[in-house]
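With the first letter of the sequence shown counted as 1, position 97 gets the number 97 in our numbering; the numbers rise by one all the way through. Shown next, in structure tokens, is the structure this report addresses.
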Amino acid sequence: MKRIRLEPSTADANQGELFQCDDGERPQMLLEEQGSIVDYWPNFLSRSSDWFASLEAEIPWQQHHVRLFGRELAAPRLSSWHGDRGASYRYSGTRYEPQPWTPTLARIRAQLERELGVGFNAVLANRYKDGNDAMGWHCDDEPELGSEPVIASISLGASRDFQLKRKLRGRAVINLALADRSLLIMRGHCQRDWLHGLPRRKGVTQARINLTFRLIEVMLDL
Ligand SMILES: O=C(O)CCC(=O)C(=O)O
Ligand SMILES: [Mn+2]
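What follows is the structure in structure tokens.
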């Protein structure tokens with residue numbers, strides 16, 4: 001696996017630092033800094049299945065809400081939380097009980113577990129209808145994810161810019177276009193020390209589906 005060490009604060013605050021990835025079959029890079037690790041694997045999913053169409057059809061897309069400055073607002077995207085029994089998740093003030101694994105989600109999970117050697121018991125699916133849908137700066141640091149979570153993020157459909165910035169001295173932005181069928185892996189201290197987000201992009205007219213696979217602490221009423 002080839003990794004590029006990021007020098008601190010080299011990126012321009014507005015334009016962002018653009019990482020160009022060769023179209024390869026193996027994980028290629030991105031960041032390894034003080035225990036925060038991000039890898040990018042283009043073409044992780046094969047071209048032979050229409051993953052996007054299957055997920056569109058299988059997932060019961062819902063409007064989730066986010067709490068912002070004490071107000072409850074409709075999130076600018078559709079979402080669905082799936083997982084093993086008991087893998088419930090609290091996010092922005094709401095608790096989501098897991099929907100069952102659909103055939104396509106289960107297939108992708110199996111491939112991830114095989115290739116990465118890491119177990120996942122839940123996935124958050126997000127659907128961005130076009131470039132007006134987005135996700136603001138955040139980190140996935142909910143206690144049920146543990147202190148150094150491995151988050152495996154699959155992208156399908158429209159390519160969208162994904163951004164990372166440090167929580168401290170966070171002016172510099174890393175910008176990476178997440179392509180159709182790609183995998184991004186965040187691990188180590190990434191959620192503790194970095195924020196990530198998916199900014200609005202007016203020029204994007206096509207839909208995108210993102211799946212973030214996670215391993216969360218299971219709550220079972222026995
Ligand atoms: O859509 C993306 O690439 C980001 C999704 C994300 O950060 C999340 O679901 O927590
Ligand atoms: Mn996230």
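In this text, a Cβ means the ideal position worked out from N, Cα and C, and glycines have one as well.
Asked, Found
"Beta-carbon gap between F213 and F120 smaller than 7 Å", "yes"
"L164 and I151 closer than 7 Å at C-beta", "no"
"Simplified DSSP state of R114, which is helix, strand or coil", "helix"
"Pair within 7 Å by beta-carbon distance, S177 and S159", "Before going further, note that residue 177 is Ala rather than Ser in the sequence given. Their beta carbons are under 7 Å apart, which means A177 touches S159 by this criterion."
"Paired residues, beta bridge with Q28 - DSSP", "Partner(s): none; Q28 has no beta bridge."
"Beta-carbon separation (whole angstroms), R90 vs D141, contact threshold 8 Å", "Going by Cβ atoms, the distance from R90 to D141 rounds to 12 Å, so no, they are not a contact pair."
"Contacting residues, own chain, Cβ-Cβ under 7 Å from G157 (five flanking each side not counted)", "F52, D180, Q206, A207, R208, I209"
"Top-ranked residue by Cα proximity to S155, from A110, E144, L198", "L198"
"R95 - containing beta strand (DSSP E), residue span", "94 to 96"
"Residue interval of the beta strand (DSSP E) (run including S54)", "Segment 51 to 58 is the alpha helix (DSSP H) holding S54; no beta strand (DSSP E) there."
"For G83: DSSP bridge partner residues", "A122"
"Neighbourhood of R223 by C-beta distance below 6 Å, restricted to the same chain and skipping five residues each side", "This structure cannot settle anything about residue 223, because the visible part of the chain is limited to 1 through 222."
"In DSSP terms, what D193 is bridged to", "Beta-bridge pairing links D193 to no other residue."
"Three-way DSSP call (helix, strand, coil) for A106 in this model", "helix"
"Distance cut-off 6 Å: T212 Cβ against heavy atoms of ligand 1", "yes"
"Any non-hydrogen atom of ligand 1 closer than 6 Å to M135 Cβ", "yes"
"Beta bridge counterpart(s) of G188 as assigned by DSSP", "S36"
"Identified DSSP bridge partners for W61", "Per DSSP, none; premise fails for W61."
"Span separating the alpha-carbon of Y40 from that of W61", "27 Å"
"Own chain residues within Cβ distance below 6 Å of P76, not counting five before or after", "D133, A134"
"Bridge-paired residues (DSSP) for W101", "According to DSSP, which records beta bridges pairwise, W101 is partnered with nothing at all."
"Three-state secondary structure assigned by DSSP to L220", "coil"
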